[in-house]
Amino acid sequence: MYKRLLILKYLRRKLAPLFAALAVTLCTAMVIIVISVMGGFLDMLRDSAKSVTGDLVVEAAYGLRGFSHYEGLVEALEAMEDVEVATPAIQAMGLINFREGPLPVIVQGVEFEKLDRIIGLGERTMWTREQIEERTARNADYGFYSRQGLENGAEVMRAPYPVGPSGEEVRNEGEEAGDGDGDVGGVATAWLGIEVFPGNFRNDAGGYDFVNSPVGYDFTLTVVPINRSGTAGSYTPSRKTFLVGNEFKSGLFDVDRQTVLVPLGVLQDMLEMGPVEEFVGADPITLEGGRLEMTEPGRVNQVIIKVTDDVSATRDLQEVRTEVEKQVRAYFERVDGGLPPYVVTWEEVHGQLIGAVKNEKGLITFLFVVISAVAVVMVATTFYMTVLEKTRDIGTLRAIGASRVGIAALFLGYGLAIGLVGAAAGTGFAALVVLYLNEIQAFLASYLGVTGKLAIALLGGALGGAIVGVAVGFVRRRLLLWTSRLAIVGAAALFVPALLQILLQDGHAAMLNTKYSFQMWDPQTYFFDEIPARLSGVEVVWIAAGAVVSSVLGAVIPALVASAQDPVEALRYE
Amino acid sequence: MSDVLLEARAVGRTFREGGRTLTVLDGVDLTLNDGGCVAVLGRSGSGKSTLLHLLGGLDRPTAGSVHFRGTDLFAMNELAIDRYRNRQVGFVFQQYHLLPELTALENVRVASMIGRAPRKPVADGGQRESRTELRDRAEALLTRVGLGERLRHKPSKLSGGERQRVAIARALMNRPAVLLADEPTGNLDADTGASVMELFSQLHAEGQAMVLVTHDDNVAARADRVVRLVGGRLQDESANAA
Chain A
1 MYKRLLILKY
11 LRRKLAPLFA
21 ALAVTLCTAM
31 VIIVISVMGG
41 FLDMLRDSAK
51 SVTGDLVVEA
61 AYGLRGFSHY
71 EGLVEALEAM
81 EDVEVATPAI
91 QAMGLINFRE
101 GPLPVIVQGV
111 EFEKLDRIIG
121 LGERTMWTRE
131 QIEERTARNA
141 DYGFYSRQGL
151 ENGAEVMRAP
161 YPVGPSGEEV
171 RNEGEEAGDG
181 DGDVGGVATA
191 WLGIEVFPGN
201 FRNDAGGYDF
211 VNSPVGYDFT
221 LTVVPINRSG
231 TAGSYTPSRK
241 TFLVGNEFKS
251 GLFDVDRQTV
261 LVPLGVLQDM
271 LEMGPVEEFV
281 GADPITLEGG
291 RLEMTEPGRV
301 NQVIIKVTDD
311 VSATRDLQEV
321 RTEVEKQVRA
331 YFERVDGGLP
341 PYVVTWEEVH
351 GQLIGAVKNE
361 KGLITFLFVV
371 ISAVAVVMVA
381 TTFYMTVLEK
391 TRDIGTLRAI
401 GASRVGIAAL
411 FLGYGLAIGL
421 VGAAAGTGFA
431 ALVVLYLNEI
441 QAFLASYLGV
451 TGKLAIALLG
461 GALGGAIVGV
471 AVGFVRRRLL
481 LWTSRLAIVG
491 AAALFVPALL
501 QILLQDGHAA
511 MLNTKYSFQM
521 WDPQTYFFDE
531 IPARLSGVEV
541 VWIAAGAVVS
551 SVLGAVIPAL
561 VASAQDPVEA
571 LRYE
Chain B
1001 MSDVLLEARA
1011 VGRTFREGGR
1021 TLTVLDGVDL
1031 TLNDGGCVAV
1041 LGRSGSGKST
1051 LLHLLGGLDR
1061 PTAGSVHFRG
1071 TDLFAMNELA
1081 IDRYRNRQVG
1091 FVFQQYHLLP
1101 ELTALENVRV
1111 ASMIGRAPRK
1121 PVADGGQRES
1131 RTELRDRAEA
1141 LLTRVGLGER
1151 LRHKPSKLSG
1161 GERQRVAIAR
1171 ALMNRPAVLL
1181 ADEPTGNLDA
1191 DTGASVMELF
1201 SQLHAEGQAM
1211 VLVTHDDNVA
1221 ARADRVVRLV
1231 GGRLQDESAN
1241 AA
């Protein structure tokens, strides 16, 4: 019981426990903030990666050669209990040209409606129907498209094209709806990742402006068909003009910089992957009696799958992947479709990127844990000084019957108390910083000038006043009184005029805030609009527990030193 | 004849310092009976405090033995010796040795907080005292030494005499068998010293056994028996009264 009494008393002493607890607080906060930001970054990256990939992807064993019989495969997959939607897709390399030179891209041929159900494409659309309608009308007035030399400009100018993933179309009054495949008036539409078009750039707030967007512009896409034997030499490059229907933002820079979504059927045709129909059975002489027959089925090289929400909540995706793979193999054996494609999860698709960030998180966490060893050393130093200072008290306690174990427990308990106080304060501080990180960043970016001026006036005035106070107090032999009194006077003397100037002088505050701002997260540089951060309860508990253990470890040596002291020598210690 | 409470038998204590051996105590025999009071006189450095530390189990002799009610103290394990110091011994030091963070009341109570709560005298039932009872008794002890109005004062706010009174109250808190006082008036002026000694006289009159280490003959005069340490050996000077 005496230990608890003394620990509580020691905690109320002034500087030593304050410094030790502060070291623990700062280290705890530092590690929690770093882990939360890195964890948030990783989570956002994973969300983005998952959202552009779907849950599972059936990939062709021979890449661009693709696989046929995909229609039946999609049906078989959608019949599975764990699969909600499956859609065929083609992924190929291509070049796009906005008349400024070719840009390499990854072209994905997709069924827009189904892809929307899988990855929520509609939520990632950049531009609204109203914006596009307005531009269409304006450009039509200016004859914009014809000036750009589009062959069938007049037709396209009025052409409906899908702006939503479900094929909803913008069209002028009286015009007929398109057929929903995005190929309208001979010109297909495509969706671009937001960073594909070179004219797009991020504004100060990290967003994009419609004025720069290429929506409604045309571009040409060139792809190289790959034949069934997997070579590109059999065909000449295929080129086609597209209109930009809309743009999307996934959150993954690499995806947004190089992905172009086009209608599946259009890409299949361009890549010569569509079904081949031939006239067969005709008399070779008279050419009579023949019929049109599909001699080669169409090919795709991917099937994108969304699993049911039940799976996401309760089951490991890997289990479903194994089941899907079994289904794919069984189906390919049934239709004799050759080497079956394999199945990968979204995590495996983006394994390199996610793995790199995971590694970074691990490395940075390790570095900060090493830095946190400073807390242990700080606590150890503080406690060692406390033990020296308390040597006579240790002698007294031994004289009135305290055991060596009791003395060790007293100082270990002190370490534990410092650790608990420091960890609690650090956790609280870190939680505030993490939860309000974007607000803090916004504040520093917007009000640093005014805040800084007031803070400098207050602290500078107090410091100046205190220095004068020390001199006056030394002469008048009332050091504390004069120091505290003149510190307050000094602070007020500088703070009040600074405040009045900010309040009364026109434009002064704005000038300060413009001139002095600190932006720790530049949304123009990073691809997320906000600083990603998330507090994980488990991680916070582990870090706080680690801080408490570190603090106790820091107290071990001083506690052992204290308990090993000879009581007689301790009583005589000066 | 009273029972022997504490007995030093041929106790020797040497220290090794700078490669040579310094003999501080050499074959000291001393007996303290229940309720007795022995004054140990001697010049500075004669080994008075060392003898007191040996009797109180704070230090170990290099020769001989110390017996408490017939039990060899240093044949016991360390925890038992700690318990002996806590329950059977009350130390009063020249430098008071109060804990600066604690108030006068807490300084007195702290001795009873080590280990399990002390028991009441057998006459009162012998049960362990409750926290409230301990607190009341600490207050009563401080009131008895004249500090009833200064319970919440920290040592830094007390005078030397007041501090020594707090130290005496602390020493008495666990109803020790023996008080071991090391120059209890050494840091006090004559009047304050006299009042502190008056307190010791009262305690002795109530049957409290004690060993007073001092170099002041006036203090020694209050003891039943006075011994003098010279050259590490004890010389019996007087037996004032039985």
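Chains as they are written, first to last, in my numbering: chain A, 1 to 574; chain B, 1001 to 1242.
Each residue gets a CB set at the ideal place from its N, CA and C atoms; glycine is no exception.
All figures in this text were calculated on a predicted structure; none of them were measured in a lab.
Between Gln318 of chain A and Ile106 of chain A, the alpha-carbon positions lie close to 27 Å from each other.
If you check the CB distance, Ile90 of chain A and Met294 of chain A do not come in under 8 Å. Residues of chain A whose Cβ lies closer than 9 Å to the Cβ of Leu1151 of chain B do not exist; the shortest such Cβ separation is about 15 Å. Residue contact check for Ile407 of chain A against chain B: no CB pair falls below 8 Å. Under DSSP, Phe474 of chain A forms no beta bridge with any residue. For His1053 of chain B, the enclosing alpha helix (DSSP H) starts and ends at Lys1048 to Leu1055.
Here DSSP, grouped into helix, strand and coil, assigns Pro237 of chain A to coil.
One Cα belongs to Leu287 of chain A, the other to Arg299 of chain A, and the distance between them is close to 30 Å.
Looking at the backbone, the Cα of Asp1082 of chain B and that of Gly1012 of chain B are separated by about 21 Å. DSSP lists no beta-bridge partner residue for Ala409 of chain A.
In the structure shown, the three-state DSSP call for Val541 of chain A is helix. With a minimum length of 3 residues, the unbroken runs of beta strand (DSSP E) contained wholly in the segment 269-318 of chain A fall at 276-280, 291-296 and 302-307. Taking a C-beta distance under 8 Å as the contact criterion, Ser51 of chain A and Ser250 of chain A qualify as a contact pair.
For Trp191 of chain A, the three-state secondary structure derived from DSSP is strand. Of all residues in the segment 9-31 of chain A, those with a C-beta nearer than 9 Å to a C-beta of chain B are Lys9, Tyr10, Arg12 and Arg13, reading in chain order. Residue nearest to Arg1163 of chain B within the set B:Arg1150, B:Ala1063 and B:Arg1228 is B:Arg1150 (criterion: CA-CA distance). For Asn1218 of chain B, the enclosing alpha helix (DSSP H) begins and ends at Asp1217 to Ala1220. In the three-state reduction of the DSSP assignment, Glu84 of chain A falls in the strand class, which pools E and B. Taking a contact to require three or more Cβ pairs closer than 8 Å, the segment 488-505 of chain A and the segment 455-475 of chain A qualify as touching. Contact check for Gly193 of chain A and Asp116 of chain A: beta-carbon distance about 16 Å, past the 8 Å limit, so the pair fails to qualify.
In the three-state DSSP reduction, Ser68 of chain A falls in the coil class, being neither helix nor strand. Boundaries of the beta strand (DSSP E) around Arg1009 of chain B: Val1004 to Glu1017. Shown here, Ser403 of chain A sits in coil according to DSSP, grouped into three states, outside any helix or strand. For His1153 of chain B, there is no enclosing alpha helix (DSSP H), as DSSP gives it neither H nor E. Beyond the five residues adjoining it in sequence on each side, Gly72 of chain A comes within less than 8 Å, by CB distance, of Tyr331 and Val335 in the same chain, given in chain order. Taken in chain order, the unbroken stretches of alpha helix (DSSP H) that lie wholly in the segment 1062-1097 of chain B and span 4 residues or more are 1078-1087. Taking the Cα of Gln258 of chain A as reference, the smallest distance to any Cα among A:Pro198, A:Gln268 and A:Arg202 is reached at A:Pro198.
About 17 Å separates the Cβ atoms of Ile418 of chain A and Val31 of chain A, ruling out a contact at the 8 Å cut-off. Contact between the segment 419-431 of chain A and the segment 501-515 of chain A is absent: fewer than three C-beta pairs spanning the two stretches fall below 8 Å. In the three-state reduction of the DSSP assignment, Ala570 of chain A falls in the helix class. The DSSP-derived three-state label of Phe366 of chain A is helix. Counting the other Cβ atoms within 10 Å of the Cβ of Ser1156 of chain B gives fewer than 16, which makes it exposed. Annotation for Val1227 of chain B: the continuous beta strand (DSSP E) segment containing it runs Arg1225 to Val1230.
Collapsing the DSSP output to three states places Pro1184 of chain B in coil.
In this structure, Val552 of chain A places its C-beta atom within 8 Å of the C-beta atom of Gly415 of chain A. Between Val1178 of chain B and Leu1022 of chain B, the CB-CB gap reaches or exceeds 8 Å.
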